[in-house]
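Structure record follows, encoded as structure tokens.
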Amino acid sequence: MRTHFCLSIALLSFSVVSVAETTAFVNVNVIPMSSEQVLETRTVIVTDGVIAKIGKFGDTPVPGDAVVVDGTDRFLMPGLAEMHGHVPGADAGSLDRVLALYVANGVTTVRGMLGQPSHLTLRSAIASGEVLGPRLITSGPSFNGRTVTSPAQGAQMVRDQQNAGYDFLKIHPGMTREEFDSVAATANELGIPFAGHVPEDVGVARALEAGIATIDHLDGYMQFLLRPNDDLSGGVSGFFGVFIADMADETKIETIAAATARSGTWNVPTESLFAHVTSPSLLVSDMVNWPEMKYMDAATVSRWQSAKEDLLGDSNYDPDTARRAILIRQKLLRALHASGAGLLLGSDSPQIFNVPGFALHRELGFIVDAGIRPYDALKSGTVSPARFFGHDNEYGAVEEGLVADLILLDANPMTDIDNSRRIHGVMLRGRWLPRSELDALLARFER
């Protein structure tokens, strides 16, 4: 197994100097995220991976054996959760890269949305400290039109994945209504969440009624907004409805937002993915030269370029309709948030132009651009994921007694969301990684 998890050796070699039983952040501004405030000039003591004390600077003793981190004019906030990520298998050559890029960007939890058996071992290796990476919460293999062949077989697949120990089930397109209903009923009976896409034969209203835990990509919402007399026969809706936005009835947005809130279903919008693929304003010639692209291999970036060029070259693609699709999604996000429906931060990395970790900070910007306040955008990646998982008494905030998954920033992200990128260091379950070590880690994967 150690040969599969070589990242642990590399990261540990960077971290030997900084590992200590006690770390003290002194004279730091704390953004607890459990409330909308900044606790100025505090001392935060971390012992054995847990936040042991938060007190006023000057009044809080610092243990003599502590590693001291100067927090002057800096901001300490919880680590981020990537709620729609893809983690390679344990034998994949890209695993080291993906985990490292997440860590370097302050991502301390990842919900893996396309699981496999090796992820069960990887999840344990991360939890035990053998591999230094984000906390992994993983689905099993996908439920889709190819893997599910009948309602009975779908139900058995649910039982098999629950017995194997996966955290939740991943729904992909292609299942019939009968197959989906069988999967949903069995999952609800066994108490294992199911999440992801909305099959075309099911529709978003039925998915909400069935108890889907999250709808990702706002999948199915654009189709819900169609008028009853709209006829899609012989046509396609495109990438999450981008081709049919000109047919959408925006007066139905409030109705579906309220229904989502009543159902208890959360949404992972992945606005960065949608915009990166569909926006005519984001030019491929610029995107391939974004700074973070140097951390992905050239073949991957080339595939991403081809994917966007193919969609923009589709005969059904219209730039004005695409722009309207983006505006409708922004209006839907505001309505979901106003209705009380939960939002969770996710980028679907590594997918088209979404580099792990870096994409999550771009996602924060897209959420704010949609009209969500920076504090609420940050909540969707900190306290909200912890609450969604039922772990809000374990991590997700800067509070005494919680796991020390932390980001130290050089500026306040609640005044400018782009400041979330100004990372001075990351603490992962009590292991402190200063900027110098993060830079050394990134340098391993730079082209």
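Sequential numbering from 7 applies to the sequence shown in the working numbering.
Using N, Cα and C, we set each Cβ at its ideal position, and we do this for glycine too.
In whole angstroms, what is the alpha-carbon distance linking HIS430 and ILE57?
Here residue 430 refers to the residue found at position 424 of the sequence shown. Here residue 57 refers to the residue found at position 51 of the sequence shown. Whole-angstrom Cα-Cα distance: 19 Å.
Could you work out which residue in ALA72, ASP76 and ASP54 is closest to ASN35 when comparing CA atoms only?
For the purposes of this step, residue 35 is identified with residue 29 of the sequence shown, where counting begins at 1. Ranking ALA72, ASP76 and ASP54 by Cα distance to ASN35 puts ASP76 first.
Short of 7 Å in beta carbon distance, which residues of its chain neighbour VAL22, apart from the five on each side in sequence? Order them along the chain.
For the purposes of this step, residue 22 is identified with residue 16 of the sequence shown, where counting begins at 1. In this prediction, VAL22 has a pLDDT of 34, which is less than 50 and means its spatial position is unreliable; nothing more can be read from the coordinates.
Going by the CB atoms, is the gap between LYS258 and PHE230 shorter than 8 Å?
Residue 230 sits at position 224 when you count from the first residue of the sequence shown. Residue 258 sits at position 252 when you count from the first residue of the sequence shown. For PHE230 and LYS258, yes; Cβs fall inside 8 Å.
Would you kindly work out how many angstroms separate the C-alpha atoms of GLU405 and PRO38, rounded to a whole number?
Within the sequence shown, the letter at position 399 stands for residue 405. Within the sequence shown, the letter at position 32 stands for residue 38. Their Cα atoms are separated by approximately 7 Å.
Taking just the CA atoms, how far does ARG141 sit from VAL164?
The sequence position of residue 164 within the sequence shown is 158, counting from 1. The sequence position of residue 141 within the sequence shown is 135, counting from 1. If you take the alpha carbons of VAL164 and ARG141, they lie about 24 Å apart.
Is PHE451 helix, strand or coil when you go by DSSP?
As a first step, residue 451 is located in the sequence shown; it is residue number 445 there, counting from the start. Coil, per DSSP.
Quick check on the burial criterion: 16 or more other C-beta atoms within 10 angstroms. Buried or exposed for PRO391?
Here residue 391 is taken as the residue at index 385 of the sequence shown, counted from 1. The residue in question, PRO391, is buried, as its Cβ has 16 or more Cβ neighbours within 10 Å.
Classification of ASP411 by the beta-carbon crowding that lies within 10 angstroms, buried from 16 upward:
The residue you call residue 411 lines up with position 405 of the sequence shown. By the 10 Å Cβ count, ASP411 comes out buried.
Contacts around MET420, its chain only, beta-carbon distance under 6 Å, and the 5 residues preceding and following it disregarded
The residue labelled residue 420 in the question sits at position 414 within the sequence shown. The beta carbon of MET420 is closer than 6 Å to those of PRO380 and TYR381 in its chain, skipping five residues each way along the sequence.
With DSSP run on the structure shown, which of helix, strand or coil describes TRP296?
For this step, residue 296 is matched to residue 290 along the sequence shown. Correct three-state label for TRP296: coil.
At what residue ranges does the segment 108–176 contain a whole run of the beta strand (DSSP E), taking only runs of 3 or more?
113–118 and 141–144
Taking a contact to mean a Cβ-Cβ separation below 8 Å, would you say LEU415 touches ASN425 in this structure?
Along the sequence shown, one-based indexing puts residue 415 at 409. Along the sequence shown, one-based indexing puts residue 425 at 419. Yes, Cβ-Cβ distance for LEU415 and ASN425 is below 8 Å.
Look up LEU17 in the DSSP assignment and say whether it is helix, strand or coil.
The residue given as residue 17 occupies position 11 in the sequence shown. Reliability fails at LEU17, whose pLDDT of 42 lies under 50, so the model's placement of it is uncertain and the value that follows must be treated cautiously. The answer is helix: DSSP assigns LEU17 an H, G or I state.
Tell me whether ASP97 is buried or exposed, calling it buried when 16 or more other Cβ atoms sit within 10 Å of its Cβ.
Here residue 97 is taken as the residue at index 91 of the sequence shown, counted from 1. The residue is exposed, with fewer than 16 neighbouring Cβ atoms inside 10 Å.
Taking its Cβ as the centre, do 16 or more other Cβ atoms sit within 10 Å of GLN159, making it buried, or is it exposed?
In the sequence shown, counting from the first residue as 1, residue 159 sits at position 153. Exposed is the call here.
Does LEU415 come out as helix, strand or coil in the three-state DSSP assignment?
Taking the first residue of the sequence shown as position 1, residue 415 is located at position 409. Three-state DSSP puts LEU415 in a strand.
Rounded C-alpha distance that separates CYS12 from LEU384:
On the sequence shown, residue 12 is found 6 positions in, with the first residue counted as 1. On the sequence shown, residue 384 is found 378 positions in, with the first residue counted as 1. Low per-residue confidence applies at CYS12: pLDDT is 40, beneath 50, and the placement is therefore not dependable enough to give any value.
Anyone know if the C-beta pair for LYS176 and SER156 falls short of 8 Å?
Mapped onto the sequence shown, residue 176 falls at position 170. Mapped onto the sequence shown, residue 156 falls at position 150. The beta carbons of LYS176 and SER156 sit no closer together than 8 Å.
Return the first residue and the last residue of the beta strand (DSSP E) that HIS343 is part of.
In the sequence shown, the residue the question calls residue 343 occupies position 337. HIS343 -> not in any beta strand (DSSP E); alpha helix (DSSP H) instead, spanning 325–345.
Taking just the CA atoms, how far does PHE394 sit from ILE250?
As a working note, residue 250 is residue 244 in the sequence shown. As a working note, residue 394 is residue 388 in the sequence shown. Approximately 32 Å, taken between the alpha carbons.
Can you list, in chain order, the residues of its chain whose CB lies under 8 Å from that of ALA263, leaving out five sequence neighbours each side?
As a first step, residue 263 must be located in the sequence shown, where it is residue number 257. LEU338, ALA341, LEU342, ALA344, SER345 and ALA347.
Inter-residue Cα distance where the pair is VAL104 and LEU350:
Within the sequence shown, the letter at position 98 stands for residue 104. Within the sequence shown, the letter at position 344 stands for residue 350. Rounded to the nearest angstrom, the two C-alpha atoms are 21 Å apart.
By Cβ distance below 7 Å, which residues in the same chain neighbour SER278 in space, the five residues on each side in sequence not counted?
Within the sequence shown, numbered from 1, the residue matching residue 278 stands at position 272. Within the same chain, SER278 has close Cβ partners SER353, ASN360, ALA365, ARG368, GLU369 and PHE372.
Hey, out of GLU27, TYR108 and ASP79, whose CA is closest to GLU298's CA?
Taking the sequence shown and counting its residues from 1, one reaches residue 298 at position 292. The residue with the shortest Cα to Cα distance from GLU298 is TYR108.
Exposed or buried, which one is ARG80 when buried takes at least 16 other CB atoms within 10 Å?
Taking the sequence shown and counting its residues from 1, the one referred to as residue 80 is at position 74. By the 10 Å Cβ count, ARG80 comes out buried.
Given a threshold of 16 other Cβ atoms within 10 Å of its Cβ, counted over all protein chains shown, does ASP1 qualify as buried or as exposed?
Residue 1 lies beyond the range of the chain shown here (7 to 453); nothing can be said about it.
If you follow the beta strand (DSSP E) that PRO84 is in, where does it begin and where does it stop?
Taking the sequence shown and counting its residues from 1, the one referred to as residue 84 is at position 78. From DSSP, the beta strand (DSSP E) with PRO84 extends over 81–84.
In whole angstroms, give me the CA-to-CA distance for VAL389 and SER40.
Counting from 1 along the sequence shown, the entry for residue 389 is found at position 383. Counting from 1 along the sequence shown, the entry for residue 40 is found at position 34. Their Cα atoms are separated by approximately 7 Å.
Any idea if ASN169 is buried or exposed, counting beta-carbon neighbours within 10 angstroms, 16 or more meaning buried?
Taking the sequence shown and counting its residues from 1, the one referred to as residue 169 is at position 163. Under the 10 Å beta carbon count, ASN169 is surrounded by fewer than 16 other beta carbons and is classified as exposed.
Three or more C-beta pairs under 8 Å: does that hold for the segment 318–336 against the segment 64–75?
The segment 318–336, when compared against the segment 64–75, does not touch it at the 8 Å Cβ threshold.
Can you tell me whether PRO362 is helix, strand or coil according to DSSP?
Along the sequence shown, one-based indexing puts residue 362 at 356. Three-state DSSP puts PRO362 in coil, outside helix and strand.
Beta-carbon proximity of THR28 to ILE51, cut-off 8 Å
In the sequence shown, counting from the first residue as 1, residue 28 sits at position 22. In the sequence shown, counting from the first residue as 1, residue 51 sits at position 45. Yes, they are a contact pair.
At the level of alpha carbons, what is the spacing between ALA191 and ASP207?
Counting from one through the sequence shown, the residue named residue 191 turns up at place 185. Counting from one through the sequence shown, the residue named residue 207 turns up at place 201. Roughly 17 Å separates the two Cα atoms.
Closest by CA to PHE246, which one among ARG428, PRO205, ILE218 and ASP236?
Position 240 of the sequence shown, counting from 1, holds the residue named residue 246. When only C-alpha atoms are compared, the closest one is PRO205.
Can you say whether THR49 is buried or exposed, counting buried as having 16 or more other CB atoms within 10 angstroms of its CB?
Your numbering for residue 49 matches position 43 in the sequence shown. Buried.
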